[in-house]
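Residue numbers (my numbering), protein chains in the order written: chain A, 87 to 395; chain B, 87 to 395; chain C, 87 to 395; chain D, 87 to 395.
C-beta atoms are modelled at their ideal positions from N, C-alpha and C, and glycine is treated no differently.
Note sheet for the following structure.
Protein chains: 4
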Amino acid sequence: MPIQLPTPVYKPAFNITRASHVVHRVADLAASRAFYVELLGLVVSDEDRETLWLRGLEEGCHHSLVLKLGEPGCERVGLRVLTEEDLDLAQRHFERTGFPTSWVDVPHQARTLHTRDPAGTPLEFCATMETRPRLFHQVESHRGACVHRLDHVQVVTPKVDASLVFYNEMGFRLSEYVVSDDAIFMVFLQRKGNPHDIVFAEGPGPRLHHVAFTVPDTQSLMLTADLFVRAGKAAQVEFGPARHFSPGLARFLYLLDPDGHRVELFPTHYQTIDIEDEPLRWQAPDFQIGGWQTPPPGWFKDASAFTRS
Amino acid sequence: MPIQLPTPVYKPAFNITRASHVVHRVADLAASRAFYVELLGLVVSDEDRETLWLRGLEEGCHHSLVLKLGEPGCERVGLRVLTEEDLDLAQRHFERTGFPTSWVDVPHQARTLHTRDPAGTPLEFCATMETRPRLFHQVESHRGACVHRLDHVQVVTPKVDASLVFYNEMGFRLSEYVVSDDAIFMVFLQRKGNPHDIVFAEGPGPRLHHVAFTVPDTQSLMLTADLFVRAGKAAQVEFGPARHFSPGLARFLYLLDPDGHRVELFPTHYQTIDIEDEPLRWQAPDFQIGGWQTPPPGWFKDASAFTRS
Amino acid sequence: MPIQLPTPVYKPAFNITRASHVVHRVADLAASRAFYVELLGLVVSDEDRETLWLRGLEEGCHHSLVLKLGEPGCERVGLRVLTEEDLDLAQRHFERTGFPTSWVDVPHQARTLHTRDPAGTPLEFCATMETRPRLFHQVESHRGACVHRLDHVQVVTPKVDASLVFYNEMGFRLSEYVVSDDAIFMVFLQRKGNPHDIVFAEGPGPRLHHVAFTVPDTQSLMLTADLFVRAGKAAQVEFGPARHFSPGLARFLYLLDPDGHRVELFPTHYQTIDIEDEPLRWQAPDFQIGGWQTPPPGWFKDASAFTRS
Amino acid sequence: MPIQLPTPVYKPAFNITRASHVVHRVADLAASRAFYVELLGLVVSDEDRETLWLRGLEEGCHHSLVLKLGEPGCERVGLRVLTEEDLDLAQRHFERTGFPTSWVDVPHQARTLHTRDPAGTPLEFCATMETRPRLFHQVESHRGACVHRLDHVQVVTPKVDASLVFYNEMGFRLSEYVVSDDAIFMVFLQRKGNPHDIVFAEGPGPRLHHVAFTVPDTQSLMLTADLFVRAGKAAQVEFGPARHFSPGLARFLYLLDPDGHRVELFPTHYQTIDIEDEPLRWQAPDFQIGGWQTPPPGWFKDASAFTRS
């Protein structure tokens with residue numbers, strides 16, 4: 087096969103550590119709050135009339151999801167670097183390689199850097215945030231799906247190849263990928279030691295396919311679907327509970343928020359840290375995306391546009 | 087509404103206690119064994135070259151499912167009476183009311199009585215069977231879906247009304263029912279104190295829609311679906327895991343055995359014993375059969391023919 | 087062994103159907119409410135300044151637990167008969183056999199009959215109660231341990247033998263029993279088709295050892311213990327989560343309410359209806375009450391006195 | 087308080103990535119196999135007459151636990167570095183700081199470096215191992231506790247302070263610690279982004295307190311305890327299932343293998359990667375080690391001696 091994977095970079099020039107947060111624009115904060123707080127169980131770290139800052143039960147950081155009142159779309163994907171120095175090194179790296187950057191002030195975050203990746207994904211990087219108490223053991227405060235933490239995002243783009251090169255250079259490790267007609271169709275890229283921080287899949291874009299959060303166990307997926315039916319929102323349960331017998335191999339539930347932003351819930355994932363772990367290759371279409379279930383057409387087709395900001 | 091429910095009979099002339107077992111004919115005993123024993127976790131109580139006698143992990147009775155080599159179909163539905171005397175009283179009742187009976191010898195069962203209900207369902211009644219050890223706590227012997235016990239059967243018939251009258255007379259209690267166009271479309275009938283021993287639903291018949299077994303918890307439903315995918319049998323996972331927001335209100339997984347006999351797996355159900363419990367009325371189509379999921383067309387259409395024996 | 091079990095009575099003179107409810111006196115209704123409603127998840131059907139009427143998520147009956155302000159103790163154990171006629175037959179039976187009866191008015195219950203069993207347990211019988219909606223599928227209203235329904239009570243008495251005879255005569259079936267030094271030490275008696283409605287164990291009494299409620303799954307036991315620790319009530323988690331490798335063979339968690347009334351939580355139990363099911367015999371001390379865990383001394387020693395009313 | 091924590095080192099001279107494996111000596115390989123393979127569900131990657139190499143269902147590496155026939159004891163704790171270059175840098179670092187090193191050949195591992203930490207813990211480092219298939223989704227091959235992967239080890243030592251300094255220098259991050267009488271009593275040290283790769287607790291040593299493996303969910307803890315009782319090994323269930331309301335805050339089950347080596351099983355843990363995460367401070371004895379349960383004396387006292395090799 088002529089597929090050529092890039093050489094892993096084990097000593098990147100700066101240390102990106104993980105997918106950190108997503109900023110969505112939403113049409114109705116109360117509706118979004120009902121979805122994310124009442125039903126998914128995210129916790130409100132702060133709010134004002136135009137913004138909700140949310141975190142999972144396990145998260146000590148101020149937010150992993152920011153909802154801003156506005157024309158619906160995904161505003162930005164947030165990544166973490168380890169230190170302020172890493173942030174400066176990142177800024178120089180992007181400039182040198184032709185990706186315009188800007189420094190911005192973002193509430194509750196330390197110094198923050200904006201840029202776009204080759205796919206056009208609007209990115210922001212910071213080293214630290216304000217902190218809040220972790221609540222995972224404060225079981226009396228749990229509700230709904232009991233979302234624990236943000237895990238990864240998936241972006242649809244016609245530029246999967248360029249994305250792979252860009253993130254690989256910065257030390258992202260390829261954990262799984264899909265090959266179709268001798269082209270790379272999908273890549274799982276990770277820094278934090280499980281299969282993915284950011285995933286790119288072939289398609290018209292850039293658009294955000296979904297944000298994935300962890301939940302404590304398989305049973306939470308079934309309970310969550312029940313809660314949506316009881317809330318009169320059965321139509322927002324898009325796909326699952328089922329299991330990917332496809333990249334990731336995880337159990338899942340996909341939901342659509344009131345603005346159509348897709349959320350994946352899944353229990354914990356496998357660890358992948360050692361360099362002898364070869365990327366797992368999948369040949370499309372020889373796998374079962376929903377195991378025993380067929381994804382609805384919208385799951386392939388729909389995604390959130392990135393906003394022009 | 088002109089719907090008239092029959093008056094409950096609290097002191098029936100004889101004591102039918104529960105749905106007990108089902109006899110299926112299957113084309114290939116090895117294939118059926120792989121399905122029921124390896125994947126569902128039923129236990130083999132006995133077998134010979136033409137028959138498999140199976141029970142659930144919780145069952146002390148010899149069998150709740152009998153598989154016989156033959157032209158695929160459902161041969162018979164088994165019910166229990168409490169005592170031998172109840173069996174004689176049942177026989178006289180059926181004769182008196184115009185349902186021909188016969189006494190038969192059935193391996194591993196005490197004296198057994200055959201008849202047909204108004205829908206044409208071939209029935210058999212016995213008071214006792216041989217016993218085998220209950221294995222629910224012998225966790226080292228559990229496998230697959232860990233089926234615990236048979237719970238109920240569902241029959242498709244154009245004669246729902248006549249079935250309701252027939253079983254009501256024998257002391258069955260109506261727990262839930264569906265009304266459609268001012269006719270009774272579906273009835274849940276029970277003797278053992280949960281919503282159903284036998285269910286009748288409107289449609290061409292008599293045919294057996296499904297046999298339902300209990301599993302220990304919600305998670306078992308997801309695990310079972312995984313096992314079917316891994317065994318190359320994803321196509322036999324027909325519907326679910328999901329939840330009926332419709333009669334029964336139970337979580338479920340529907341599977342098709344190698345001959346197309348349908349099996350429902352579900353965790354435990356609510357208790358209904360007291361006479362102040364009014365039957366729960368549902369108005370079709372104002373409910374969600376799969377909660378957030380849509381049943382596939384075959385789930386409505388397909389069922390097992392009863393064999394001519 | 088000279089142990090003689092009574093002959094089962096399959097056609098009792100009247101139909102007792104199940105253990106129905108317990109009436110406790112408690113020192114502080116707010117404290118009891120915090121325990122039973124906030125932590126166990128029972129639902130308030132009614133309340134006034136001196137009484138709380140509670141039911142489980144699965145129960146359509148008005149109450150399975152009544153808490154009255156007063157000197158702490160167990161006031162009464164409630165059982166159900168099927169019909170009003172059964173209640174009259176029961177009254178005559180008790181009178182004839184030397185157990186004084188009285189008719190009483192009990193709020194939210196139909197006509198109610200009081201008597202005492204040979205052990206001295208204060209009993210009440212009724213056929214019906216007011217009803218309330220079942221909430222088991224209204225998952226948004228669930229909290230704490232998500233108690234589903236009352237299952238059984240256990241009484242400590244020096245008169246296990248007499249109790250066995252008394253309940254056997256009324257059609258209770260012996261499902262499991264413990265023999266110690268050639269005497270019957272403990273009996274599980276049931277009407278509703280699982281191992282127990284009422285259990286008697288040898289000891290100074292009569293006293294109520296515990297009331298047992300069902301919870302949806304094993305995981306609920308662990309979650310409940312967490313909730314008690316978080317509420318500063320770790321000392322009220324008495325024993326478990328563990329499993330009886332002893333009569334019942336069930337997983338369990340024992341809790342002590344603010345007045346020392348003991349509650350058992352357990353997931354669902356095996357079905358036992360058929361008359362070929364022989365009572366399961368246990369020889370003390372050849373079993374492991376807590377499986378891998380040792381019961382604390384208080385679990386053997388402490389129980390709630392019955393009140394003099 | 088005069089407690090002084092060391093300054094975190096964000097750019098260590100070489101990259102240690104995680105706790106990798108443990109080598110135990112055991113008296114009877116068949117007995118150990120029954121414990122680790124039949125009951126815990128670890129998978130045999132290789133074996134010969136004197137050694138068993140085991141891995142968890144999620145692990146792609148050849149082994150996380152090596153059992154060698156011999157005088158019972160813990161032979162060595164294995165850690166991973168990212169690359170071969172990191173291994174050379176580690177070797178120079180240890181030499182320079184006075185910790186003698188040696189290069190050894192270890193079956194199924196790449197080039198391996200031996201040394202001892204200040205506590206006296208025998209360590210080995212390697213960058214890579216042979217690989218084996220991950221089996222976490224091959225649900226038909228799962229058994230027993232379904233152990234997924236090694237997570238961390240805990241060492242008892244009188245030299246907690248020196249251990250903290252040693253590992254901190256190499257880039258380990260302090261996630262939680264216990265202070266008692268103004269001394270640091272226990273430290274959780276991590277590289278892989280959850281609370282611990284290696285833990286040091288005050289006490290006579292160095293000795294290995296336990297090896298911790300992850301299991302898929304809370305329910306697995308209860309099932310595992312059942313399996314031990316059924317196997318006649320109830321006495322090897324030492325503590326739990328319960329929850330630490332103490333460092334880590336995790337649910338747990340502690341087991342003792344046939345040679346007394348302690349194993350902790352626990353479901354997944356919280357993520358801690360960002361540098362704004364301050365180490366969580368606990369003041370002894372103001373916490374509840376077993377939540378609602380009291381640890382048995384042996385849990386404090388007993389640990390595996392490290393072998394003299």
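- Item | Best match in Ile102/D, Val315/D, Pro333/D and Asn101/D for proximity to Phe373/D [C-alpha to C-alpha] | For the purposes of this step, residue 373/D is taken as residue 287 along the fourth sequence, with counting starting at 1. With distances taken between Cα atoms, Phe373/D lies closest to Pro333/D.
- Distance, Cα to Cα, Gln240/D vs Ala120/C? Translated into positions along the fourth sequence, residue 240/D becomes position 154. Translated into positions along the third sequence, residue 120/C becomes position 34. Straight-line Cα distance between these residues: approximately 39 angstroms.
- Query: Near Asp345/A, what residues of its chain come up, given a Cβ to Cβ distance below 7 angstroms and the 5 sequence neighbours on each side ignored?
  - Reply: Taking the first residue of the first sequence as 1, we reach residue 345/A at position 259. If we look at Asp345/A and ignore the five residues flanking it on each side, its Cβ neighbours are Val112, Ala113 and Pro158.
- Item | Residues near Leu128/A in its chain [Cβ-Cβ closer than 7 angstroms; skip 5 each side] | Taking the first residue of the first sequence as 1, we reach residue 128/A at position 42. The residues are Tyr122, Leu140, Arg141, Gly142, Leu151 and Val233.
- Task: Determine the DSSP secondary structure at Arg218/C, reduced to helix, strand or coil.
- Result: To locate residue 218/C, count along the third sequence from 1; it is residue 132. Arg218/C falls in the coil class under three-state DSSP.
- Nearest to Thr393/C by alpha carbon, out of Arg229/C, Leu221/C and Arg202/C? Counting from one through the third sequence, the residue named residue 393/C turns up at place 307. Nearest option by C-alpha distance: Arg202/C.
- Which runs of the alpha helix (DSSP H), 4 residues or longer, sit entirely within the segment 234-258 of chain A? 246-255
- Task: Name the two residues that bound the continuous beta strand (DSSP E) containing Glu133/B.
- Result: Here residue 133/B refers to the residue found at position 47 when the second sequence is read from its first residue. Taken as a continuous stretch (DSSP letters only), the beta strand (DSSP E) holding Glu133/B covers Val129 to Glu133.
- Message: I'd like the span of the beta strand (DSSP E) that includes Thr198/C, first residue to last.
- Response: Along the third sequence, read from residue 1 onward, the residue named residue 198/C stands at position 112. Run containing Thr198/C: Thr198 to Arg202, per the beta strand (DSSP E) assignment.
- Message: According to DSSP, is Glu136/B part of a helix, a strand, or is it coil?
- Response: Against the second sequence, residue 136/B aligns to sequence position 50. In the structure shown, Glu136/B sits in coil (DSSP, three-state: anything other than H, G, I, E or B).
- Task: Compare the C-beta of Glu226/A with all C-beta atoms of chain C and state if any pair is closer than 8 angstroms.
- Result: Looking up residue 226/A in the first sequence gives position 140. Chain C, which has a Cβ nearer than 8 angstroms to the Cβ of Glu226/A, makes this yes.
- With 8 angstroms as the C-beta to C-beta threshold (strictly closer), list the residues of the segment 201-220 of chain D near chain A in chain order. Ala213, Thr214, Met215, Glu216, Thr217 and Arg220
- Query: Measuring CA to CA, which of His110/C, Glu170/C and Ala391/C is closest to Gly289/C?
  - Reply: One-based indexing of the third sequence puts residue 289/C at position 203. With distances taken between Cα atoms, Gly289/C lies closest to Ala391/C.
- Query: Taking Cβ-Cβ distances shorter than 7 angstroms, what residues in chain A pair up with Arg119/C?
  - Reply: Within the third sequence, residue 119/C is the residue found at index 33, counting from 1. What Arg119/C touches in chain A: nothing, since even the nearest Cβ is about 15 angstroms away.
- Where the segment 327-353 of chain A meets chain B: residues whose CB sits under 9 angstroms from a CB there: Pro327, Ala328, Arg329, Phe331 and Arg337
- Task: At 3 residues or longer, and completely inside the segment 259-331 of chain C: list those beta strand (DSSP E) runs for me, N to C.
- Result: 259-266, 269-276, 284-288, 293-300 and 323-329
- Could you check what DSSP says for Phe352/D in three-state terms: helix, strand or coil? Taking the fourth sequence and counting its residues from 1, one reaches residue 352/D at position 266. In the structure shown, Phe352/D sits in a strand (DSSP, three-state: E or B).
- Item | Interface residues of chain A facing Gln357/D [CB-CB closer than 7 angstroms] | Working through the fourth sequence from its first residue, we reach residue 357/D at position 271. Under the 7 angstroms cutoff, chain A gives Glu144 and Arg235.
- Task: Drop a sphere of 10 angstroms on the beta-carbon of Thr93/C, count the other beta-carbons inside from all chains shown, and report buried for 16 or more, exposed for fewer.
- Result: As a working note, residue 93/C is residue 7 in the third sequence. Result: exposed.
- Query: So who's on the other strand from Glu210/B, going by DSSP bridges?
  - Reply: Taking the second sequence and counting its residues from 1, one reaches residue 210/B at position 124. According to DSSP, Glu210/B bridges with Gly164/B and His200/B.
- Message: So Tyr96/A contacts chain D; which residues on that side make the cut at Cβ distance below 9 angstroms?
- Response: Along the first sequence, read from residue 1 onward, the residue named residue 96/A stands at position 10. Chain D residues near Tyr96/A: Asn101, Leu168, Thr169, Glu171 and Asp172.
- Item | Trp378/C: first and last residue of the uninterrupted alpha helix (DSSP H) it sits in | Here residue 378/C refers to the residue found at position 292 when the third sequence is read from its first residue. Per DSSP, Trp378/C belongs to no alpha helix (DSSP H) and is neither H nor E.
- Does DSSP put Leu335/D in a helix, in a strand, or in coil? On the fourth sequence, position 249 is the one that residue 335/D refers to. Residue state, collapsed to three classes: coil.
- Leu313/C touches chain A at which residues, Cβ-Cβ below 8 angstroms? Counting from 1 along the third sequence, the entry for residue 313/C is found at position 227. The answer, in chain order, is Val225 and Glu226.
- Query: At a Cβ threshold of 8 angstroms, is Gly279/D touching chain A?
  - Reply: Position 193 of the fourth sequence, counted from the start, is the residue given in the question as residue 279/D. Answer yes: the Cβ-Cβ gap between Gly279/D and chain A drops below 8 angstroms somewhere.
- Cβ-based burial, Ile89/D [other Cβ within 10 Å; buried from 16]: By 1-based counting over the fourth sequence, the position of residue 89/D is 3. Result: exposed.
- Item | Assigned secondary structure, Phe121/D (DSSP; H/G/I helix, E/B strand, else coil) | Within the fourth sequence, residue 121/D is the residue found at index 35, counting from 1. Note: Phe121/D maps to helix in three-state DSSP.
- Item | 8 angstroms Cβ cutoff met for Phe314/D and Trp378/C | Here residue 314/D refers to the residue found at position 228 when the fourth sequence is read from its first residue. Here residue 378/C refers to the residue found at position 292 when the third sequence is read from its first residue. Cβ atoms of Phe314/D and Trp378/C: closer than 8 angstroms.
- Task: Select from His223/B, Ala328/B and Glu136/B the residue whose C-alpha is nearest the C-alpha of Gly156/B.
- Result: If you number the second sequence from 1, residue 156/B lands on position 70. With distances taken between Cα atoms, Gly156/B lies closest to Glu136/B.
- Query: Which residues in the same chain as Lys278/A place their Cβ atom closer than 7 angstroms to its Cβ, once the five residues preceding and following it in sequence are excluded?
  - Reply: Working through the first sequence from its first residue, we reach residue 278/A at position 192. The beta carbon of Lys278/A is closer than 7 angstroms to those of Thr103 and Arg104 in its chain, skipping five residues each way along the sequence.
- Mind checking the segment 227-261 of chain A against chain D and listing, in chain order, the residues whose C-beta falls within less than 7 angstroms of any C-beta there? In summary, the residues of the segment 227-261 of chain A whose CB is separated from some CB of chain D by less than 7 angstroms are Arg235, in the order they occur in the chain.
- Query: From which residue to which residue does the beta strand (DSSP E) around Ala99/B run?
  - Reply: Numbered from its first residue, the second sequence carries residue 99/B at position 13. It is not in any beta strand (DSSP E) - Ala99/B carries neither H nor E in the DSSP assignment.
- Distance between beta carbons of Glu161/B and His110/B, contact taken as under 8 angstroms: Start at 1 with the first residue of the second sequence, and residue 110/B comes out as number 24. Start at 1 with the first residue of the second sequence, and residue 161/B comes out as number 75. Going by Cβ atoms, the distance from His110/B to Glu161/B rounds to 7 angstroms, so yes, they are a contact pair.
- Using DSSP with H/G/I as helix, E/B as strand and the rest coil, what is Ala113/A? Residue numbering aside, residue 113/A sits at position 27 when the first sequence is read from its first letter. Coil, per DSSP.
- Query: What is the C-beta distance between Tyr356/B and Phe222/C, in whole angstroms, given that I count them as a contact (C-beta under 8 angstroms)?
  - Reply: Residue mapping note: residue 356/B aligns to position 270 of the second sequence, counting from 1. Residue mapping note: residue 222/C aligns to position 136 of the third sequence, counting from 1. At roughly 6 angstroms, the Cβ-Cβ gap stays under 8 angstroms, so Tyr356/B and Phe222/C are in contact.
- Across which residues does DSSP place His390/B in a beta bridge pair? Counted from its first residue, the second sequence places residue 390/B at position 304. According to the sequence provided, residue 390/B is Ser. The question's His does not apply to it. Leu294/B, per the DSSP bridge assignment.
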